[in-house]
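At position 10 of the sequence shown (counting the first as 1) the number is 10 in full-length UniProt numbering, and the numbers step up by one without a gap.
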Amino acid sequence: MTTTIAIEDVRREVKILRALTGHRNLVQFYDAYEDEENVYILCKGGELLDRILARGGKYSEDDAKAVMVQLLSVVSYCHLQRVVHRDLKPENFLFVSKDENS
(Lines of atoms letter the chains of each structure in order from A and count residues from 1; the text may use other names and numbers.)
(Lines give C-alpha, C1' and ligand atoms only; values in the text may rest on other atoms or scores of the structure.)
Protein backbone atom coordinates (compact mmCIF):
# COMPACT_ATOMS: atom_id res chain seq x y z
CA MET A 1 0.00 0.00 0.00
CA THR A 2 2.11 2.82 -1.24
CA THR A 3 -0.16 5.65 -2.26
CA THR A 4 -1.61 8.26 0.03
CA ILE A 5 -5.05 7.59 -1.45
CA ALA A 6 -4.84 3.86 -0.63
CA ILE A 7 -3.78 4.60 2.95
CA GLU A 8 -6.65 7.07 3.37
CA ASP A 9 -9.08 4.48 1.99
CA VAL A 10 -7.95 1.94 4.59
CA ARG A 11 -8.11 4.54 7.37
CA ARG A 12 -11.71 5.27 6.33
CA GLU A 13 -12.44 1.52 6.39
CA VAL A 14 -11.01 1.29 9.92
CA LYS A 15 -13.22 4.16 11.05
CA ILE A 16 -16.28 2.35 9.65
CA LEU A 17 -15.24 -0.96 11.24
CA ARG A 18 -14.92 0.76 14.63
CA ALA A 19 -18.44 2.21 14.27
CA LEU A 20 -20.23 -0.92 12.99
CA THR A 21 -21.31 -3.07 15.90
CA GLY A 22 -24.44 -4.82 17.05
CA HIS A 23 -25.04 -7.48 14.41
CA ARG A 24 -24.38 -11.15 15.15
CA ASN A 25 -22.82 -11.73 11.72
CA LEU A 26 -20.42 -8.80 11.82
CA VAL A 27 -16.83 -9.92 12.22
CA GLN A 28 -15.13 -8.85 15.46
CA PHE A 29 -12.83 -5.89 14.80
CA TYR A 30 -10.01 -5.73 17.33
CA ASP A 31 -7.68 -2.94 16.25
CA ALA A 32 -5.66 -1.41 13.44
CA TYR A 33 -1.94 -0.69 13.32
CA GLU A 34 0.00 1.48 10.94
CA ASP A 35 3.67 1.67 10.01
CA GLU A 36 5.41 3.82 7.40
CA GLU A 37 4.05 1.79 4.48
CA ASN A 38 0.96 -0.18 5.56
CA VAL A 39 -2.16 -0.23 7.67
CA TYR A 40 -2.90 -3.59 9.33
CA ILE A 41 -6.42 -4.54 10.40
CA LEU A 42 -6.83 -7.16 13.11
CA CYS A 43 -10.11 -9.12 12.89
CA LYS A 44 -11.28 -12.56 13.90
CA GLY A 45 -12.26 -15.27 11.41
CA GLY A 46 -11.27 -16.02 7.85
CA GLU A 47 -12.15 -15.13 4.28
CA LEU A 48 -15.14 -16.58 2.49
CA LEU A 49 -12.95 -17.14 -0.58
CA ASP A 50 -10.54 -19.32 1.42
CA ARG A 51 -13.45 -21.40 2.68
CA ILE A 52 -14.89 -21.79 -0.82
CA LEU A 53 -11.51 -22.90 -2.17
CA ALA A 54 -10.97 -25.31 0.74
CA ARG A 55 -14.23 -27.00 -0.23
CA GLY A 56 -13.11 -27.35 -3.83
CA GLY A 57 -15.48 -24.57 -4.85
CA LYS A 58 -18.47 -26.80 -4.13
CA TYR A 59 -21.40 -25.82 -1.95
CA SER A 60 -24.74 -27.57 -1.80
CA GLU A 61 -27.73 -25.37 -2.52
CA ASP A 62 -28.65 -25.41 1.18
CA ASP A 63 -25.11 -24.48 2.28
CA ALA A 64 -24.91 -21.68 -0.30
CA LYS A 65 -28.31 -20.41 0.82
CA ALA A 66 -27.20 -20.34 4.48
CA VAL A 67 -24.10 -18.30 3.58
CA MET A 68 -26.05 -15.90 1.36
CA VAL A 69 -28.73 -15.29 4.00
CA GLN A 70 -26.01 -14.26 6.47
CA LEU A 71 -24.21 -12.09 3.89
CA LEU A 72 -27.38 -10.31 2.82
CA SER A 73 -28.35 -9.76 6.45
CA VAL A 74 -25.03 -8.02 7.13
CA VAL A 75 -25.19 -5.95 3.92
CA SER A 76 -28.73 -4.87 4.81
CA TYR A 77 -27.61 -3.92 8.33
CA CYS A 78 -24.73 -1.88 6.89
CA HIS A 79 -27.14 -0.06 4.58
CA LEU A 80 -29.35 0.78 7.56
CA GLN A 81 -26.24 2.28 9.19
CA ARG A 82 -25.69 4.35 6.02
CA VAL A 83 -22.65 2.31 4.99
CA VAL A 84 -22.41 1.08 1.40
CA HIS A 85 -19.79 -1.49 0.38
CA ARG A 86 -18.69 -0.86 -3.19
CA ASP A 87 -16.64 -4.03 -3.70
CA LEU A 88 -18.71 -7.09 -2.76
CA LYS A 89 -16.74 -10.27 -3.53
CA PRO A 90 -15.85 -13.46 -1.60
CA GLU A 91 -12.44 -12.24 -0.41
CA ASN A 92 -14.07 -9.18 1.16
CA PHE A 93 -16.40 -11.22 3.38
CA LEU A 94 -15.02 -12.66 6.60
CA PHE A 95 -16.45 -15.37 8.81
CA VAL A 96 -16.88 -14.46 12.47
CA SER A 97 -15.02 -17.66 13.48
CA LYS A 98 -13.42 -20.78 12.04
CA ASP A 99 -16.67 -22.66 12.67
CA GLU A 100 -18.27 -23.86 9.42
CA ASN A 101 -21.60 -22.19 10.27
CA SER A 102 -20.25 -18.81 11.35
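Ideal placement from N, C-alpha and C gives every residue a C-beta, glycine not left out. Small disclaimer: the values here were computed from a predicted structure and weren't measured.
Residues that DSSP places opposite Ile41 in a beta bridge: Beta-bridge partners assigned by DSSP to Ile41: Ala32.
DSSP state of Leu53 mapped onto helix, strand, coil: In the structure shown, Leu53 sits in a helix (DSSP, three-state: H, G or I).
Per-residue burial, Leu94 [other beta carbons within 10 Å of its own, 16 or more giving buried]: Burial call: buried.
Of the listed residues Glu13, Val27, Gly22, nearest to Tyr40 (C-alpha basis): Per the Cα distances, Glu13.
Given Asn38 as reference, the closest of Glu91, Val10, Gln28 once Cα atoms are compared: Nearest Cα to Asn38 within the set Glu91, Val10, Gln28: Val10.
Pairwise C-alpha distance: Lys89 and Glu47: Looking at the two C-alpha atoms, the distance is approximately 10 Å.
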